[in-house]
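Heads up: the protein sequence lines correspond to chains A and B, in order. Okay, so the first sequence: first residue is 14 according to our numbering, each after it adds one. Okay, so the second sequence: first residue is 14 according to our numbering, each after it adds one. We put the beta carbon where it would ideally sit given N, CA and C, even for glycine. Owing to the predicted nature of the structure, the values given are computational and were not obtained by experimental measurement.
2 protein chains.
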Amino acid sequence: MRLEYFNGRLFMHIEIFGYLAAICTTLSFLPQVIKMFKEKKGDGISTPMYVIFVLGVLMWLIYGIMLESIPIILANSITLLLSGSILVMKLKYD
Amino acid sequence: MRLEYFNGRLFMHIEIFGYLAAICTTLSFLPQVIKMFKEKKGDGISTPMYVIFVLGVLMWLIYGIMLESIPIILANSITLLLSGSILVMKLKYD
């Protein structure tokens, strides 16, 4: 299957997967934020995971800004906010 | 700043940000996997977060396969393996 064989309709179906994927991997962090905010505990959460993750998301954001890609900028701004909140709560509550 | 003004060197610098970002957001899950494997506990980890996240990564993988994009396939295969392990351990140890 190659891009040049795609017709508009098939390509739209493929793009929907990308958008759904982005929505899921972005908003998935929200239940973790709510859980930590309610429980005021950071038990079980790995600090190195969130340090590396937040750093990675920050680099995705810079990459998106350099490419002027609105979807990359939008998704990673929200992910940065959510995963950053998890890291801050982890450091605060531990 | 627009793509058509980029020379090869500048574009390479931008691509490096993308690769570093992908490496960070992919490998960040490893410390969490190791922590849970050692502690045999799922405390503090949000189940809805990992259900939605694993689903999202699976869709990124399908998206990558449909676009025949090796970087998307590679990064999301590893992320699926790591975040899937976290979800399985969470359900097992809780």
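Under 7 Å between C-beta atoms of residue i and residue j
i	j	result
V70 (chain A)	L93 (chain A)	yes
T38 (chain B)	I91 (chain B)	no
D56 (chain A)	D107 (chain B)	no
I36 (chain A)	M79 (chain B)	no
Contact belief for residue i with residue j at Cβ below 8 Å, rounded distance in angstroms
i	j	result
M138 (chain A)	Q45 (chain B)	As shown, chain A starts at 14 and ends at 107. That puts residue 138 (chain A) outside it, with no answer to give.
G97 (chain A)	I85 (chain A)	Their Cβ separation, rounded to whole angstroms, is 17 Å, which puts G97 (chain A) and I85 (chain A) out of contact at 8 Å.
I58 (chain A)	K103 (chain A)	5 Å
F42 (chain B)	S41 (chain A)	Rounded, the Cβ-Cβ distance is 12 Å, inconsistent with contact.
L100 (chain A)	N89 (chain A)	The Cβ separation is near 15 Å, so there is no contact.
Segment limits, alpha helix (DSSP H) that includes residue i
i	result
E52 (chain B)	42-52
G77 (chain A)	60-80
G97 (chain B)	83-106
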